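Numbering (my numbering), first residue to last: 54 to 283.
No residue lacks a Cβ here, since even glycine has one placed at the ideal position from N, Cα and C.
Keep in mind the model is a prediction, meaning the values are calculated, not measured.
Shown next, in structure tokens, is the structure this report addresses.
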Amino acid sequence: MSIASNLEALRLETEAKGVQLVAVSKTKSNSEIMEAYEAGQRIFGENHVQELIEKAELLPKDIQWHMIGHLQTNKVKYIAPFISLIASIDSLKLLKEVNKHAIKANRNIDCLLQIYIADEDTKFGLDHAELIELLRDEEFLELKNIRICGLMGIASNTDNEKVIKAEFYELKMLFDGVKASFYRKDDYFNILSMGMSSDYKLAIEEGSTMVRIGSTIFGKRVIKHYKNND
Ligand SMILES: *Cc1c(COP(=O)(O)O)cnc(C)c1O
């Protein structure tokens, strides 16, 4: 299967349901990304700042780059001028830094709050209490150059569909609750980012509006460490 045909098949599954498809291109070369681009894909997700900025510099300017990996505050400045969405906000401190550099870049930056839903210690994200605390924080309410567009979550890495379904269900309930309590009148709060190659079908069933898919499009990631060989 080619990248183009993989994408086409995924589009059939997502577009009809109004689900946005983020092509996760981490570790993939610029020529592989261009194959997806030429097949019409414009939204790409990366999880390392260095890799992201190197790719963004060389690849077409109409690509919308999403930062989907853990973001350190000291790296925000490198992506603030151009990033289309930061999907992995997990603290007020990080959000304040994003706001600061958004002001410097004279723009607004769209963000998702990452919620911890997996039954694992290794995943980043806010728990429910931290989420509510953040949304009520006076410092948060003063941040004018960021826009919270929704929530993001990563389910447990397990074959147990029941567990994954329950985690997605929980995130959807949380999304609906936050929407009703904090963003009822704000149309921009409409992204529920959940689902990757192994679980995107379940995620869509449970109400995902944005799936982040890498290996189903580009094939397995064999290279662990990024090196751009183009
Ligand atoms: C790598 C990654 C994905 C995509 O993973 P696949 O299993 O290759 O689809 C999605 N979300 C995040 C946060 C990732 O780091």
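- Query: Whose CA, out of Tyr90, Ile96, Ile217, lies closest to the CA of Tyr253?
  - Reply: Closest by alpha carbon: Ile217.
- Item | Endpoints, beta strand (DSSP E) assigned at Gln167 | Bounds of the beta strand (DSSP E) holding Gln167 are 162-168.
- Item | Under the three-state DSSP convention, the category Leu196 falls into | Three-state result, Leu196: coil.
- Message: Looking at Gly267: is its Cβ nearer than 8 Å to the Cβ of Leu245?
- Response: Cβ distance not < 8 Å, so Gly267 and Leu245 don't count as in contact.
- Task: Mind reading off the beta-carbon distance from Ile121 to Glu99? Whole number of angstroms is fine, and I expect it under 8 Å.
- Result: The beta-carbon distance between Ile121 and Glu99, rounded to whole angstroms, is 7 Å. This is short enough to meet the 8 Å contact definition.
- 3 or more residues per run - each beta strand (DSSP E) lying fully within the region 216-253: For the region 216-253, whole beta strand (DSSP E) runs of length 3 or above, ordered along the chain, are 244-246.
- Message: If I follow the unbroken beta strand (DSSP E) through Ile117, where does it start and stop?
- Response: Per the sequence shown, the amino acid found at residue 117 is Gln instead of Ile. From DSSP, the beta strand (DSSP E) with Gln117 extends over 117-120.
- Task: Please state whether DSSP places Val72 in a helix, a strand or coil.
- Result: Here Val72 sits in coil by DSSP.
- Query: For the 8 Å Cβ check, are there 3 or more pairs between the region 179-194 and the region 223-237?
  - Reply: Here the region 179-194 lies against the region 223-237, with 3 or more beta-carbon pairs under 8 Å apart.
- Contact set for Gly71: own chain, Cβ-Cβ below 8 Å, skip 5 residues either direction: Non-local C-beta neighbours of Gly71 in its own chain, meaning closer than 8 Å and more than five positions away in sequence, comprise Thr262, ordered along the chain.
- Message: Pull the bridge partners of Gly98 from the DSSP assignment, please.
- Response: The partner list for Gly98 (beta bridge, DSSP) reads Val77, His119.
- Task: Assign Ala109 to one of two classes, buried (16 or more other C-beta atoms within 10 Å of its C-beta) or exposed (fewer than that).
- Result: Under this definition Ala109 is a buried residue.
- Taking 7 Å as the cut-off, does the CB of Arg237 come closer than this to any heavy atom belonging to ligand 1? Every heavy atom of ligand 1 is 7 Å or more from the Cβ of Arg237, so no.
- Query: Hey, is Gly267 close to ligand 1, as in C-beta under 7 Å from one of its heavy atoms?
  - Reply: Checking the Cβ of Gly267 against ligand 1 gives yes.
- Task: Look up Leu184 in the DSSP assignment and say whether it is helix, strand or coil.
- Result: Looking at Leu184 - three-state DSSP - the assignment turns out to be helix.
- Return the CA-CA distance between Ala57 and Ala89, expressed in angstroms with no decimal places. Distance between Ala57 and Ala89, taken at the CA atoms: about 6 Å.
- Which two residues bound the contiguous alpha helix (DSSP H) that contains Leu147? Element bounds for Leu147: 145-157.
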